[in-house]
Amino acid sequence: MKPIYMDNAATTPLREEALEAMVNAYREHYGNSSSVHRIGQAAREALERAREEFAACVGAKPEEVVFTGGGTESDNLAIRGAAMAARERGDHIVTCAAEHHAVLHCCRALEGEGFRVTYLPVDAEGIVDLERYRDALEERTVLVSIMLANNETGALQPIEEMSRIARERGILFHCDAVQAAGKMRLDVRELGADLLAFSGHKFYGPKGVGALYIRKGVEIVPIMQGGHHENGMRPGTVNVPAIVGMARALRLATEEVEETAARLGALREELASGIMERIDGVRRNGSAERSLPNVLNLSFEGAEGEALLLALDVAGVAVSTGSACTSGSLEPSHVLMAMGIPPRIAQCSLRFSLGRYNRAEEIDYVLDVLPGIVERIREVSSVGARPVAGSRVSKDGAR
Ligand SMILES: *Cc1c(COP(=O)(O)O)cnc(C)c1O
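Residues in the sequence shown are numbered consecutively from 959, following our numbering.
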């Protein structure tokens, strides 16, 4: 049987049209887009066409888009670049405890360099409280960084309100839109953020390429030194074929966004209600309404997430516990912990993230195999030592 891929929040398969555009660019536009000769200029033209295509998808001007090496780099460029540019004016950053590690670890590093950071809590649905947010902003706050959609739960933050509050106080606002782009309609003007991070491989484009929207007039400093590529914001020979593929993928995802969101939302609810009907002791982490349509995060009380993941993998279904970045580490998800979920339950969670290639039959298959898997793992967990935080169910136990 063909493996069933339900880990689209970790990464998505490359779509055929993007691959074709890339193969063509690798063949035709091999020149260095900074070279003066015609071969270089042809690559430059392909790059600028891709910039226009990308910008149009998010309501930005082409000159407001800087291409980077991925979502992590875009987040780092935005946060470090804005913090360093504002160093004279202040030393305080506001973010949220449920952010991606690309944001959290960058903020942690800045704490070691003299910045103070407030990590806002989230409610049981994973949403930041606007009152606490307002209260956290200080005289010396220079930057806010809040994600649009959470990668573990799909939770959507009220970015429009939050960016307006920051703007009223002259504070820059960065938004990690990596998980949201291509999954929901997105307009940089409506969101009102000064900076937004994107990553190609989350919307069926290639890996290792991303973008940062920098609103016209916003000043940040580059985090790498080198040539004048990307307006000096991101030095290094530009990866034109990957950018061409990413822009094509975003355009196609944007064209079909409502249709795909509606289809995946229906499949997700079928999966959620099917699991709840068939299995006891399941709780849903995050809400159906204030979340991306394709992400479902569930805790299976008494069954370790890692063991469930391994057993599902053997059954041909790829899912994730929390985020891919923390799998392998035995810490329970910081996102679920931030939502007030006890570690014992956070440890028992799985993330199903659907994508455009998932079909109804695949939901049916998961609903067929999952009850038996959960039952087996709960049995193994109840004989001998129950898995507690920091312990790992043995591979035998997972089978
Ligand atoms: C995947 C992801 C990132 C990191 O993007 P990469 O391109 O993998 O570096 C950052 N933030 C969020 C919310 C993500 O989902």
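Where a beta carbon is used, it is the ideal one built from N, C-alpha and C, also for glycine.
heavy atom of ligand 1 below 6 Å from residue i C-beta
i: Thr1111; result: no
i: Gln1115; result: no
i: Ser1157; result: yes
i: Val1136; result: yes
i: Thr1030; result: yes
i: Gly1168; result: yes
i: His1058; result: yes
Neighbour-count burial assignment, residue i, 16 or more Cβ in a 10 Å radius
i: His1132; result: buried
i: Glu1110; result: buried
i: Thr1195; result: exposed
i: Ser1231; result: exposed
i: His1186; result: exposed
i: Pro1164; result: buried
i: Gln1115; result: buried
i: Val1024; result: buried
i: Glu1320; result: buried
i: Gly1128; result: exposed
i: Val1272; result: exposed
i: Ala1113; result: buried
i: Met1120; result: buried
i: Ala976; result: buried
i: Pro971; result: exposed
i: His995; result: exposed
i: Arg1317; result: exposed
i: Met980; result: buried
i: Glu1031; result: buried
i: Leu1149; result: buried
Secondary structure of residue i, DSSP reduced to three states
i: Thr1053; result: strand
i: Leu1153; result: strand
i: Val1277; result: coil
i: Tyr1077; result: strand
i: Thr970; result: coil
i: Phe1161; result: coil
i: Val1102; result: strand
i: Thr911; result: In this structure the chain extends from 959 to 1357, so residue 911 is not present and cannot be described.
i: Ser993; result: coil
i: Gly1355; result: Since pLDDT at Gly1355 reaches only 35, below the 50 mark, its modelled position is unreliable, and the value read off the structure follows with that caveat. In this structure, Gly1355 counts as helix in the three-state DSSP scheme.
i: Cys1065; result: helix
i: Met1042; result: helix
i: Tyr1315; result: coil
i: Lys1019; result: coil
i: Ala964; result: Strictly speaking, residue 964 in this sequence is Met, with Ala absent from that position. Coil, per DSSP.
i: Thr1195; result: coil
i: His1132; result: strand
i: Met1182; result: coil
i: Asn982; result: helix
i: Leu1222; result: helix
i: Ala1282; result: Here the model assigns Ala1282 a pLDDT of 47, short of 50, so the residue's position is not dependable, and the following value carries that caveat. DSSP places Ala1282 in coil when its eight states are reduced to three.
i: Met1297; result: coil
i: Gly1232; result: helix
i: Arg1374; result: Residue numbering for the chain in the displayed model covers 959 to 1357; residue 1374 lies beyond these limits and cannot be assessed.
Same chain, Cβ closer than 7 Å to residue i, five either side skipped, listed in chain order
i: Ala1135; result: Leu1106, Leu1144, Leu1154, Ala1155, Phe1156
i: Gly1190; result: Pro1180
i: Met1295; result: Pro1301, Ala1304
i: Tyr1171; result: Val1016, Ala1018, Glu1022, Val1023, Val1146, Leu1153, Leu1154
i: Gly1166; result: Gly1027, Gly1028, Ala1200
i: Leu1005; result: Ser991, Val1196, Val1198, Ile1201
i: Val1080; result: Cys1054, Ala1055, Ala1056, Val1086, Ala1296, Met1297
i: Phe1310; result: Met964, Leu1229, Leu1254, Val1277
i: Pro1290; result: Pro1301, Ala1304, Gln1305, Ala1347
i: Ala1151; result: Ile1117, Ser1121, Phe1131, His1132, Cys1133
i: Pro1329; result: Arg1236, Ile1237
i: Asn966; result: Asn1252, Ser1311, Leu1312, Gly1313
i: Tyr1323; result: Ile962
i: Tyr1077; result: Thr1053, Cys1054, Ala1055
Chain-order list of residues whose beta-carbon lies under 6 Å from that of residue i (same chain, five-residue window excluded)
i: Glu1096; result: His1050
i: Ala1008; result: Ile1201, Val1202, Ala1205
i: Glu1071; result: none
i: Ala1001; result: His987, Gly989, Ser991, Val1198
i: Leu1325; result: Gly1232
i: Val1332; result: Ile1237, Phe1258, Ala1261
Close-in-space but distant-in-sequence residues of the same chain around residue i (CB under 8 Å, 5 per side omitted)
i: Gly1140; result: Lys1160, Phe1161, Tyr1162, Ala1207, Leu1208, Ala1211, Thr1212, Val1215
i: Pro961; result: Gly1274, Val1275, Ala1276
i: Ala1220; result: Pro1251
i: Cys1064; result: Asp1033, Asn1034, Ile1037, Arg1038
i: Thr1099; result: Gly1048, His1050, Ile1051, Val1052, Arg1127, Ile1129
i: Gln999; result: Gly989, Ser993
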